[in-house]
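Residue numbers (full-length UniProt numbering): 1 to 273.
Read the structure below first, then the notes.
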């Protein structure tokens, strides 16, 4: 790490540096960290915004979509002028305009069985800001098998959930909660059910907070705890998440030992017996 920050960095990050819990060493840890953000939409927007502002040194952005007008109600890093552009390009322009200290890697691809391993293992921490179960299971399995910490967030109408999996082999993983995806059509997405525009800002900011803590090795992450947020009632419930000994990825007798041993379409199912 390099606590010898230059004058511009001392100015930019001064409110971090004067904190005893962060200081120049903590800021140097952020600048030396790399984070892959999977999804540059509703959740990915506040995550990228605040990680860039905090000074995460290298950000990777994975998204194969383009900006649409209907995105702008909640995807705050994209502008009206960006409609039709790849989201990764718009995200890179936003981040570099906010903080020139940050290097941005763009991956204009859909996360898949073929590319997920190479992508996640090139970063220290991963953020699951996706909007579909296929990607969530890919992120979980690749990170869990590689021992890489990741933050998970999900939103629906007025409700959101967020947790962190540290990948230390002691805590749970996403499949401890959901061994397989629900049947197709049983969980509507934002395009069919809608989402309150400010909701992903709340959940995404918690995800960004978890990443900053992990990067500085400070505080207690949400490992083993899931926060369930209801914006309509303005309540937050904490749900304990215990490791599942029967988990197909991190359990006592895992059925999935590599990405190649599971199906990531439809039900995101386990290997056939």
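Ideal placement from N, C-alpha and C gives every residue a C-beta, glycine not left out.
query	result
Between residue 164 and chain C, is the shortest Cβ-Cβ distance under 9 angstroms, so that the two count as touching?	No chain C appears in the structure shown, which is made up of a single protein chain.
Counting C-beta neighbours from all protein chains within 10 Å, is the total for residue 252 16 or more, i.e. buried, or is it exposed?	exposed
Would you mind sorting residue 150 into buried or exposed? The rule is 16 or more other CB atoms within 10 Å of its CB.	buried
Which residues in the same chain have their Cβ closer than 6 angstroms to the Cβ of residue 163, if we skip the five residues on either side of it in sequence?	152, 222 and 226
Can you tell me whether residue 64 is helix, strand or coil according to DSSP?	coil
Over the uninterrupted beta strand (DSSP E) stretch that includes residue 154, give me the two end residues.	150 to 156
Let me check one thing: in DSSP terms, what residues is residue 145 bridge-paired to?	DSSP output for residue 145 lists no bridge partner at all.
May I ask which residues mark the beginning and end of the beta strand (DSSP E) holding residue 226?	225 to 230
Identify which residue in 52, 202 and 139 has its Cα closest to the Cα of residue 259.	139
Would the beta-carbon of residue 98 fall within 9 angstroms of that of residue 29?	no
Which residues mark the beginning and the end of the beta strand (DSSP E) in which residue 34 is found?	34 to 38
Is it buried or exposed for residue 37, if we count other Cβ within 10 angstroms and need 16 for buried?	buried
When you compare the region 69 to 86 with the region 227 to 246, are there three or more beta-carbon pairs, one atom per stretch, that lie closer than 8 angstroms?	no
Drop a sphere of 10 angstroms on the beta-carbon of residue 102, count the other beta-carbons inside from all chains shown, and report buried for 16 or more, exposed for fewer.	buried
Which residue or residues does DSSP assign as beta-bridge partners of residue 86?	66
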